[in-house]
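Report on one structure; see the data block that follows.
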């Protein structure tokens, strides 16, 4: 999910599964034939989490639908250059709060036009600045095309090329090249030149150009860790927002758009209204995006008819120190199941055999707790804290739902009762730890197999329910 979220924020709009590995034989050891543990996420039916897989693909489908809606919004179009088609460097020097697209020679020469001083594609995507980053050698026909854009009103940012990106054409090509360079950059002594309706900034420092042109950031956030992407339809502005598994985002963020905000959750499909404040040309929204989470903010001119997002919890019932029974399936090294614990720790730290510490699969946690009083004006949320990696929840014998990514929180209001309640949490890991354990056994003793699995010396990962677990009370 994190890899997908990161690429969504970089502009990827549609995912395609590279491989579903064919495993027809029923006598194969799990997880079976795959490309191994170091290439992507292997999709095959003997994965521990295969029964929960639709939750993941539903999430990707919702994201893809939203990311294919409308057109992307970027202020800057970066030209990759005439020498070689390649993507830009990962750490391209680009200011926070702005975004850019990039294009190759075919797009620049054949698919761009100018409208109202902006570069426009046939699909209607618009850019305010054309950026030449590290274009040291260029073709005269490219420079001539760029000059026509600038004369029509486009802003160009970039250093003048120092050479010609071809060995053909001889003196005629050199003459065209020198003429085009002189037309755009003059003798190189000025920081900015006017050409027709447009301007040429003699620098590849794009931040300087954006400031000089009074182009404000698309998003103002207190942390660069907030990943984002902006798209626009005829009536709505759409922002995809996500955080890394290491750090969430909580606080105010301002978006260069005016409208009423809704939060669309791609995990559940739920849509809620959020409080927003229009200030100048920005709309301010208070965000609370946990680590490893994502959402869409959709801005509309009309007022939302969706319910308002619920406030933060006002009270918590801590279940972490309750007595938990953890049931492991037989035959996988945990012979004293259920394990009774009052401290939620990783399976590898349980007081069991080395084989048991390496357990991979599904174990069931069970505990009871007392709810003294259930209020009709209060929503009750089960927060599992840290889970590695998937949790399926039952309360009082009723299935509540499954959480497979942060935040591991479910509304359990309808399943609770006054007095004693029974809570069961089925936690499913990946095959990794068992593959590590089996790598140290003779081949005939192994219970798992895959191509290019982890080595026996690889450290075990932390799997299980680690909490803290609580029932959170939220006023409605």
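In our numbering, the protein residues as written are 275 to 750.
Even glycine gets a Cβ: it sits at the ideal position worked out from N, Cα and C.
Give the DSSP-derived three-state secondary structure of residue 335 in the structure shown.
If DSSP states are grouped into helix, strand and coil, residue 335 belongs with the helices.
Just confirm the distance between the C-beta atoms of residue 493 and residue 572, as a whole number of angstroms; I'd bet it's less than 8 Å.
Actually they do not touch by this definition, with Cβ atoms about 15 Å apart.
- Spatial neighbours of residue 608 within its chain, please: CB distance less than 7 Å, with the 5 preceding and 5 following residues excluded, ordered by chain position. The residues are 602, 626, 630 and 633.
Sequence-distant residues of the same chain with beta carbon closer than 6 Å to residue 503, five excluded per side: Short of 6 Å from the beta carbon of residue 503, and not among the five residues preceding or following it, lie these beta carbons of its own chain, in chain order: 283 and 514.
Give the straight-line distance between the Cα atoms of residue 621 and residue 612, rounded to the nearest whole angstrom.
Between residue 621 and residue 612, the C-alpha separation is close to 13 Å.
Q) Hey, would you say residue 421 sits closer than 8 Å to residue 458, going by beta carbons? A) The Cβ atoms of residue 421 and residue 458 lie closer than 8 Å to each other.
Practice task
Since I believe residue 585 is in contact with residue 749 (beta carbons under 8 Å), could you give me their beta-carbon distance rounded to a whole number of angstroms?
Solution key: Contact holds; Cβ gap of about 6 Å.
Check: What is the residue span of the alpha helix (DSSP H) that residue 387 lies within?
Finding: Run containing residue 387: none in the alpha helix (DSSP H); it sits in the beta strand (DSSP E), 387-389.
query: Which whole-angstrom value describes the C-beta separation of residue 411 and residue 435, a residue pair presumed to lie in contact below a C-beta threshold of 8 Å?
result: The C-beta distance from residue 411 to residue 435 rounds to 6 Å, short enough to fall under 8 Å.
Self-check item: 3-residue-minimum beta strand (DSSP E) runs that sit fully inside the segment 487-562, ordered along the chain
Solution: Taken in chain order, the complete beta strand (DSSP E) segments of 3 or more residues contained in the segment 487-562 are 493-495, 501-506, 510-516, 523-529, 534-538, 545-547 and 550-553.
**Request:** Check whether the Cβ atoms of residue 682 and residue 707 sit closer than 8 Å, and answer yes or no.
**Result:** Going by C-beta atoms, residue 682 is not nearer than 8 Å to residue 707.
* Asked: For the alpha helix (DSSP H) that residue 281 lies in, which residues bound it at each end?
  -> Segment 276-284, the alpha helix (DSSP H) holding residue 281.
Looking at residue 523 and residue 500, is the spacing between their C-beta atoms short of 8 Å?
Their beta carbons are under 8 Å apart, which means residue 500 touches residue 523 by this criterion.
Note down the Cα distance separating residue 721 from residue 730, rounded to an integer number of angstroms. Near 14 Å, if we compare the C-alpha coordinates of residue 730 and residue 721.
| message | For a test of the three-state rule: what should DSSP assign to residue 613, helix, strand or coil? | response | Look at residue 613 here: in three-state DSSP terms it is strand.
Q) If residue 465 and residue 477 are in contact, beta carbons under 8 Å, what's the gap, nearest whole angstrom? A) Contact check for residue 465 and residue 477: beta-carbon distance about 7 Å, within the 8 Å limit, so the pair qualifies.
Q. Sorted by chain position, which residues of the same chain lie with C-beta nearer than 6 Å to residue 409's C-beta, five sequence neighbours on each side aside?
A. Residues 355 and 435 of the same chain have their beta carbon placed closer than 6 Å to that of residue 409, with the five preceding and five following residues left out of the count.
In whole angstroms, give me the CA-to-CA distance for residue 509 and residue 344.
Counting only the Cα atoms, residue 344 lies some 10 Å from residue 509.
Exercise for the section: Pick helix, strand or coil for residue 449, following the three-state DSSP scheme. Expected result: Residue 449 falls in the helix class under three-state DSSP.
_Closest to residue 506 by C-alpha separation, out of 529, 710, 307 and 299, would be which residue?_
Considering only alpha carbons, the answer is 529.
- Grab the span of the beta strand (DSSP E) containing residue 709 for me, first residue to last. Here residue 709 belongs to no beta strand (DSSP E); instead the alpha helix (DSSP H) covers 706-713.
For residue 352, write down the residues that DSSP places opposite it in a beta bridge. Beta-bridge pairing links residue 352 to 376 and 405.
Exercise. In chain order, which alpha helix (DSSP H) runs of at least 4 residues are fully inside the segment 614-683?
Worked result: Segments of the alpha helix (DSSP H) lying fully in the segment 614-683: 628-631.
Could you please give me the residues that DSSP links to residue 568 through a beta bridge? Paired residue(s): 516.
Query - Outcome for residue 403 when other beta-carbon atoms lying within 10 angstroms are tallied against a minimum of 16 - result: Per the 10 Å Cβ criterion, buried.
| message | Can you check which of these residues, 709, 661 and 655, is closest to residue 684 by C-alpha distance? | response | When each option's Cα is compared against that of residue 684, the closest is 655.
Over the uninterrupted alpha helix (DSSP H) stretch that includes residue 416, give me the two end residues.
Here the alpha helix (DSSP H) through residue 416 covers 414-425.
**Message:** Beta-carbon within less than 7 Å of residue 563's beta-carbon, same chain only, minus the 5 sequence neighbours each way: which residues are those?
**Reply:** Cβ neighbours of residue 563 beyond the five flanking positions: 515, 517, 522, 523 and 569.
| field | Cβ separation of residue 709 and residue 693, assumed to be a contact under 8 Å, to the nearest whole Å | value | With 8 Å as the limit, residue 709 and residue 693 do not qualify as a contact, their Cβ atoms being about 44 Å apart.
Check your understanding: Would you say residue 369 and residue 531 are within 8 Å of each other, going by their C-beta atoms?
Key -> One thing to note: residue 369 has its Cβ no nearer than 8 Å to the Cβ of residue 531.
Practice task
Could you tell me which residues DSSP pairs with residue 466 in its beta bridges?
Solution key: For residue 466, which the question treats as bridged, DSSP gives the partners 475.
So the candidates are 657, 701 and 549; which of them puts its Cα closest to the Cα of residue 746?
Of the listed residues, the one whose Cα sits closest to residue 746 is 657.
>> Looking only at its chain, what residues have a beta carbon closer than 6 Å to the beta carbon of residue 495, apart from the 5 residues adjacent to it on each side?
In response: Excluding positions up to five away in sequence, the list reads 527.
task: Just confirm the distance between the C-beta atoms of residue 471 and residue 425, as a whole number of angstroms; I'd bet it's less than 8 Å.
output: Rounded, the Cβ-Cβ distance is 7 Å, consistent with contact.
Mark residue 536 as exposed unless 16 or more other C-beta atoms lie within 10 angstroms of its C-beta, in which case mark it buried. By the Cβ-count criterion, residue 536 is buried, with 16 or more other Cβ atoms from all chains shown falling within 10 Å of its own Cβ.
Report back the beta-carbon spacing between residue 306 and residue 318 to the nearest angstrom; my notes put them in contact at under 8 Å. Confirmed, Cβ separation roughly 6 Å.
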